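First up is the structure itself, then whatever we jot down about it.
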């Protein structure tokens, strides 16, 4: 019986020894997990500081730009008295001008040009039917402000009795002549 007890004692001792070694190994691994967790926590703090904060600033700037466009577009709505689909088409035109990679105009500048065209007596159909495009072409070719180009476009249309569809061709001809003679109106 004492042999059996001695065997059991040896086996249990070995098992306990193995158990302690396994527990020590588990403790080391757990400590590694805790350290990894701390590292992730530090990364999270860095992300908040270096990513989230700038994104918040960018978001605030976007809201400001969006608010500026909305204020400018409200003036377009008032000047044109447009509603529904016509108003949506005007909004699309302003945003299309701003999103065109070949142009360098903001949505606010585009809305200001549409407002100028409307205040100069053009209908929504005329604005969308060529006057906005002619104004954009004139501003792009001359470096003029978009609203100023809209004023010149309506002056040209009125003085020469041209339609909105004809405005782009007429503006192109006049722009070419101004540049050929270095006219200060468009080159200064």
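In UniProt numbering, the protein residues as written are 1 to 188.
Glycine is no exception: its CB is placed at the ideal position from the N, C-alpha and C atoms.
Since we're looking at a predicted model, the values are computed, not measured.
Close beta carbons around residue 170, own chain, < 7 Å, minus the five adjacent residues each side: Sequence-distant Cβ neighbours of residue 170 in its own chain, meaning closer than 7 Å and more than five residues away, are 156, 160 and 162.
Distance, residue 153 Cα to residue 181 Cα: 19 Å
Close-in-space but distant-in-sequence residues of the same chain around residue 25 (CB under 6 Å, 5 per side omitted): none
Buried versus exposed, by CB contacts within 10 Å (16 or more), residue 168: buried
Pick from 76, 137 and 133 that is closest to residue 111, judged by C-alpha positions: 76
Collapsed DSSP secondary structure at residue 195 in the structure displayed: Examination of residue 195 is not possible in this model, given that the chain is present from 1 through 188 alone.
Whole-angstrom C-beta distance between residue 122 and residue 164, which should lie under 8 Å: 7 Å
Environment of residue 135 [buried if 16+ CB atoms lie within 10 Å]: buried
Minimum C-alpha distance to residue 80 - residue among 101, 38 and 126: Cα-wise, what sits closest to residue 80 is 126.
Burial state of residue 93 (16 or more Cβ within 10 Å): buried
Residues of its chain near residue 131, where Cβ-Cβ distance is below 8 Å and the 5 sequence neighbours each way are ignored: 117, 122, 150, 153, 154, 157, 164 and 167
Candidates 147, 115 and 176, of which the one nearest residue 141 by Cα: 176
Nearest candidate by alpha-carbon position, reference residue 70, set 138, 84, 145 and 95: Measuring from the Cα of residue 70, the nearest candidate turns out to be 95.
Rounded straight-line distance, which links the Cα of residue 148 to that of residue 174: 15 Å
Limits of the unbroken alpha helix (DSSP H) element including residue 127: Unbroken run through residue 127: none, as it is neither H nor E.
Rounded C-alpha distance that separates residue 114 from residue 38: 56 Å
For residue 160, three-class secondary structure by DSSP: It is helical.
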